[in-house]
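Residue numbers (this note's numbering): 269 to 765.
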């Protein structure tokens, strides 16, 4: 089943905190039901529109991060449920979940039975206990008794599903595709390979080896009474090779001549046994020349004799002088040039650093220039004047980029926003909790109502009430005529330090 993420309230989170340190175990005993659509905010202290509370609540940890939760109501009333809440044994609203569409609808003659998997942190799972677990049906695992699903033959063959079981019938179909171990290497069974990857010697069939018979002539070939199909006869009288296709070997028609390409009969107009020379294959005329055509190479001549090509290297002195134009540089002469350049460098010169840069020193000592990067804490404090702000440092400033979030700017200025999606149909006073606290002051910037659809008759607006607090503020809804009062939510924006 699909796991649901219930929102643990601020009060529920506080109940799990042990004042002496660590986590305190909490005990869930009741569940509240509502037909209203609401925003499951952590600041909720009551379930909006709660119409019924039931005590048949059970749960069991089925994984390090998952609790299988079961709610049951055997009453005779009928209703639709869009949200649920879990209450501790001291009445604290511990967690809530809501959605616009009904989660489940109950008829008068039916029993309300809701089973969900609730995902949360492993440390939270260990700290939550429940009351009656006698009617719990969790998914079965290696360590939890519960409801199990049966694997299909396709799932069993794929071997990729880890939360279903295999029946004997499905196992029989899976094993039908495998070879019985008793048939391996047995007669009328399945051959096996040895350690060398080849068919085991004791399982190989008898094979009639092919022979090659050298014979003098046709009569000697036909006289090979012990020849078998596939044997070859190499005749000395004509140099041809024959293969026996059928028995008996005494019948000439049973021997097939193996055709071979005809031998070379002539080369460049010459026939018979030809000894090749340069003239027979069109050798390059000896009058051809290899020329250097100037440049750095010298030498060359005709192909009538051995040729020498010369490329003269420059000496160290010639390399340093830089005047020779008909010689090339070698590693040895280049070393002289590099040594000359090194001798001309001003080793006493220094590199100085200023401003945000530090380090430096004489060129002879391979100086290092440093530019220190400011940490996120230093950027937030806004007092460090000797370091540079980097993208990584700016990205590390405290923030929460969520619908109810905040962003801290360099120097400590905080921008906070609150998005509430909750139907409001009366003039009332609301407390808005910030997603984080301000330390010194807060300025409310904007407070705007939100509706899901356009309407020219809606008559309900929002106002700030009094001075805002550092962790929350008070707002009120107002109407001029009390007609068609409705807001589907609101957005608020604050800044401060």
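The C-beta atom is built at its ideal place from N, Cα and C for all residues, glycine as well.
If you draw a straight line from the Cα of residue 619 to the Cα of residue 738, it is about 52 Å long. Spanning the alpha carbons of residue 321 and residue 343 requires a straight line of approximately 11 Å. Residue nearest to residue 345 within the set 755, 373, 576 and 360 is 373 (criterion: CA-CA distance). In this structure the stretch 281-295 does not touch the stretch 680-688; the number of beta carbon pairs closer than 8 Å is below three. Secondary structure of residue 668 (DSSP, three-state): strand. In the three-state scheme derived from DSSP, where H, G and I count as helix and E and B as strand, residue 684 is classed as strand. Beta-carbon to beta-carbon, residue 350 and residue 371 are separated by about 6 Å, close enough to satisfy the 8 Å threshold. Three or more Cβ pairs drawn from the stretch 745-753 and the stretch 690-702 lie within less than 8 Å of each other, which places the two stretches in contact.
A Cβ-Cβ separation of about 13 Å leaves residue 729 out of contact with residue 756 under the 8 Å criterion. Here residue 650 is not near residue 636, since their CB atoms are 7 Å or more apart. Shown here, residue 278 sits in a helix according to DSSP, grouped into three states. Going by DSSP, residue 751 is part of no beta strand (DSSP E) at all; its letter is neither H nor E.
When DSSP states are grouped into helix, strand and coil, residue 459 belongs to the coil group. Fully contained in the stretch 338-376 are the following beta strand (DSSP E) runs of length 3 or more, in chain order: 347-349, 351-356, 361-366 and 372-374. If you ignore the 5 residues before and after residue 355, its C-beta comes within less than 8 Å of the C-beta of 296, 297, 298, 299, 300, 321, 361 and 362, all in its own chain and listed in chain order. Beta-carbon to beta-carbon, residue 714 and residue 761 are separated by about 5 Å, close enough to satisfy the 8 Å threshold.
Secondary structure within the stretch 581-656: the alpha helix (DSSP H) runs of 4 or more consecutive residues, fully enclosed, are 584-589, 599-612 and 644-649 (chain order).
When the Cα atoms are used, residue 508 and residue 516 turn out to be separated by approximately 20 Å. Beta bridge pairing from DSSP links residue 382 with 339. Judged by DSSP secondary structure, residue 524 falls within the beta strand (DSSP E) whose first and last residues are 523-526. Residue environment analysis places residue 326 among the buried positions, since at least 16 neighbouring C-beta atoms fall within 10 angstroms of its C-beta. Under the three-state reduction of DSSP, residue 659 is assigned to helix. The C-beta distance from residue 568 to residue 559 rounds to 5 Å, short enough to meet the 8 Å contact threshold. Here the C-alpha atom of residue 634 lies approximately 11 Å from the C-alpha atom of residue 617.
Just so you know, the alpha carbons of residue 647 and residue 740 end up roughly 27 Å apart. By the C-beta density criterion, residue 424 is buried, having at least 16 other C-beta atoms within 10 angstroms. Secondary structure note for residue 442: its alpha helix (DSSP H) is the uninterrupted segment 436-443. Of the candidates 557, 312 and 665, the residue whose Cα lies closest to the Cα of residue 701 is 312. Residue 659 and residue 641 have their C-alpha atoms some 10 Å from each other. In the DSSP annotation of this structure, the continuous segment of the beta strand (DSSP E) that includes residue 298 starts and ends at 294-302. Beta-bridge partners assigned by DSSP to residue 322: 299. Rounded to the nearest whole angstrom, the C-alpha separation of residue 438 and residue 418 is 9 Å. With fewer than 16 other CB atoms across the displayed protein chains lying within 10 angstroms of its CB, residue 638 is exposed.
The shortest C-alpha to C-alpha distance from residue 347 to any of 375, 338 and 392 is the one to 375.
For residue 491, the closest C-alpha among the options 464, 513 and 519 is that of 519. Excluding residues up to 5 positions away in sequence, 566 and 567 lie with their Cβ nearer than 6 Å to the Cβ of residue 578 in the same chain.
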